[in-house]
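Under mature numbering (1 follows the signal peptide of the UniProt record, and there is no 0), residues -25 to -1, 1 to 241 are what the sequence shown spells out, in order.
C-beta: ideal position from N, C-alpha, C; glycine also.
Comments concern the structure below.
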Amino acid sequence: MKKTKLFVIITTTCVGLVTLFSQTAATYLNPLKTDSIPSNHIALETESKDVKSATELLYDEIGLEGKLKFEAFDKAMIGYENLNFNNKDIITVIDFTLPSTEKRMFVIDMKNKKVLFNTIVSHGRNSGEKYAKAFSNRHGSYQSSLGFYTTENTYQGGNGYSLVLNGLEKGINDQAKARAVVIHGADYCSQSVINATGRLGRSYGCPALPRELNKPIINTIKNGTMVFIYAEDPAYMASSKILKKSHITLLAQHDVTGGADSIAMY
């Protein structure tokens, strides 16, 4: 009987030691179990998802949310950062994803981070009715051209006070000057036309403005500022060499809300 009890005790002890050894070995062999990850690592991962890019911070500070699509502003910033303009204090973004009945032209003061003008703007007559959906660089197309431009000189023409645009994207808008695609005022670009027809009148491809805003806008953006005309157009997105570039850290130089530590560099 004593031998039986002794055998049971020895057996139980051996089983316990084997179990303890197995658990200890598992701990050393698997040091990175999910439940062993420090809680601060998880917190850092979650926090990084909430960090805004420099472009997002600038977009928020200018107050563009609910007015200009972030996608349009984001694409505009790629050109703004990578191209050389004589005057980088002012940019113009035209968002052709919006109908002509809405204020889709934005003149932005980048230095003081505010919108100077937000107005309606006409598109080319063969680009579409209420929405601009078709775009061309071809002579006689009477369509708008997308992409990046730089503004040049002003002149008095058949449409009055006008501003020359130089298209910067080969095969996309580089025929703008030859096509006489300029910024000018037009009677068909007005709220009264919208009220009467349900849309703006259309141009031969020019971004035409309301008469009363034409001169002040042209005088603000003339002589070397950036103009970017945006649309969700797959052909343009695929062919634009400028949009294939990456964001650079130039925007980090702006005194944006949140400070440098809040900026996710590209």
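Could you say if the region 154 to 161 and the region 169 to 186 meet the contact criterion of at least three C-beta pairs nearer than 8 angstroms?
-> With a cut-off of 8 angstroms, the region 169 to 186 and the region 154 to 161 count as touching, because enough Cβ pairs lie within range.
Under 6 angstroms Cβ to Cβ from Lys108, same chain only, skipping five residues before and after it: list those, please.
-> None.
Taking all protein chains shown into account, do 16 or more other C-beta atoms lie within 10 angstroms of the C-beta of Ser221, making it buried, or fewer, making it exposed?
-> When all chains shown are included, Ser221 counts as exposed.
Helix, strand or coil: how does DSSP classify Lys89 here?
-> If DSSP states are grouped into helix, strand and coil, Lys89 belongs with the strands.
Same chain, Cβ closer than 7 angstroms to Lys44, neighbours up to 5 away in sequence not counted = The residues are Asp70 and Thr72.
Which whole runs of the beta strand (DSSP E) in the region 85 to 168 are 3 residues long or more, in chain order?
-> Correct list: 89 to 94, 122 to 132, 135 to 142 and 157 to 160.
Rounded distance between the beta-carbons of Met201 and Gly54, thought under 8 angstroms = Their Cβ separation, rounded to whole angstroms, is 7 angstroms, which keeps Gly54 and Met201 in contact under 8 angstroms.
Between the C-alpha atoms of Gly173 and Ser28, what's the straight-line distance to the nearest angstrom?
-> Rounded to whole angstroms, the separation of the alpha carbons of Ser28 and Gly173 is 38 angstroms.
Among Thr76, Leu39, Lys63 and Met52, the one whose alpha carbon lies nearest that of Gln166 | The shortest Cα separation from Gln166 among Thr76, Leu39, Lys63 and Met52 belongs to Thr76.
To the nearest angstrom, report how far apart Met212 and Ser116 are at their CA atoms.
-> Note on geometry: alpha-carbon atoms of Met212 and Ser116 lie some 20 angstroms from one another.
Let me know if Asn170 comes out buried or exposed under the rule of 16 or more other beta-carbons within 10 Å of its beta-carbon.
-> With fewer than 16 other CB atoms across the displayed protein chains lying within 10 angstroms of its CB, Asn170 is exposed.
Going by CA-CA distance only, name the one from Lys219, Phe123 and Tyr205 that's closest to Arg79.
-> Ranking Lys219, Phe123 and Tyr205 by Cα distance to Arg79 puts Tyr205 first.
Buried or exposed: where does Glu144 fall if 16 or more other Cβ atoms within 10 Å of its Cβ makes it buried?
-> Sixteen is the threshold: when 16 or more other Cβ atoms of the shown chains lie within 10 Å of the Cβ of Glu144, as they do, the residue is buried.
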